[in-house]
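Novice:
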Amino acid sequence: MATARKKAVAKKRAPKRGAAAPSKETGALVHEGETLRGSRFDDVDLSRATFHDVTMKSVTIDDADLSTARLHNVAMSGATIDDADLRGATLTNVDLSSAVIDDANLAGARLRNVDLSGAVIEDAKLEGLTIEGVRIDELLAKVRQPRRRP
Numbered sequence: 066m067a068t069a070r071k072k073a074v075a076k077k078r079a080p081k082r083g084a085a086a087p088s089k090e091t092g093a094l095v096h097e098g099e100t101l102r103g104s105r106f107d108d109v110d111l112s113r114a115t116f117h118d119v120t121m122k123s124v125t126i127d128d129a130d131l132s133t134a135r136l137h138n139v140a141m142s143g144a145t146i147d148d149a150d151l152r153g154a155t156l157t158n159v160d161l162s163s164a165v166i167d168d169a170n171l172a173g174a175r176l177r178n179v180d181l182s183g184a185v186i187e188d189a190k191l192e193g194l195t196i197e198g199v200r201i202d203e204l205l206a207k208v209r210q211p212r213r214r215p
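Just so you know, the sequence shown maps onto residues 66 to 215 in my numbering.
1) Whole-angstrom Cβ separation of Ala-129 and Leu-111, contact assumed at under 8 Å?
2) Can you give the Cα-Cα distance for Ala-184 and Glu-99, rounded to whole angstroms?
3) Please state the DSSP three-state secondary structure of Glu-192.
4) By how many angstroms is the C-alpha of Val-165 removed from the C-alpha of Glu-187?
5) Assuming contact is defined by CB atoms lying nearer than 9 Å, are Asp-118 and Asn-138 in contact in what I supplied?
6) From the DSSP secondary-structure annotation, give me the bridge partner or partners of Arg-135.
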C-alpha cells in the first residue's frame, strides 16, 4: 500500500479501546493487526472494509453496513451484532464463538473456517449464504432447542 494511501486510511480508522467509530464513514476502511477490544460500531458504513489479523473481542456492531467487507483472521468472540448488513461479505478464519447475531443480513455472504460454537443467531437473512469449514455443532444444538428467555 502506498504511503499516501496508508495515511489516508489511518485517518479513517475506528478509535481503539472501546471508543465509538465515527458515524457514516466511507468504505474501504482497513484495519490490520489491531486490537479493538470492547469497541462499538454504531450506525457506521464499513462497506468494502478490510479487517486482517484483528482482535475485536466483545465488540458491539449495531446498525452497521458491512456489505462486501472482508474479515480475515479476526477474533470476534463474544461479539454482539445487531441489525447489521453483511451482504456479500467474506469471513475467513473468523472466531464468532459465543457471539449474539440478531437481525443480520447475511445474504450472499461467504463464511470459511468460521467458529460459531456457542453463538446465537436470530432473525437472520441467509439466502445465498455459503458456508465452508464452519463449526456449527453447538449452534445447531441450540437451534433444535427453543431458546430460554429471562
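From the three backbone atoms N, C-alpha and C, an ideal C-beta is built for every residue, glycine too. As the structure is a prediction and not an experimental result, all values here were calculated from the model.
Specialist: Judging by the given coordinates:
1) As a first step, residue 129 must be located in the sequence shown, where it is residue number 64. As a first step, residue 111 must be located in the sequence shown, where it is residue number 46. Confirmed, about 6 Å.
2) Position 119 of the sequence shown, counted from the first residue, corresponds to residue 184. Position 34 of the sequence shown, counted from the first residue, corresponds to residue 99. Between Ala-184 and Glu-99, the C-alpha separation is close to 23 Å.
3) Position 127 of the sequence shown, counting from 1, holds the residue named residue 192. Here Glu-192 sits in coil by DSSP.
4) Numbered from 1 along the sequence shown, position 122 holds the residue referred to as residue 187. Numbered from 1 along the sequence shown, position 100 holds the residue referred to as residue 165. Taking the straight line joining both Cα atoms gives about 8 Å.
5) Taking the sequence shown and counting its residues from 1, one reaches residue 118 at position 53. Taking the sequence shown and counting its residues from 1, one reaches residue 138 at position 73. Closer than 9 Å, so yes.
6) By 1-based counting over the sequence shown, the position of residue 135 is 70. Paired residue(s): Thr-115 and Thr-155.
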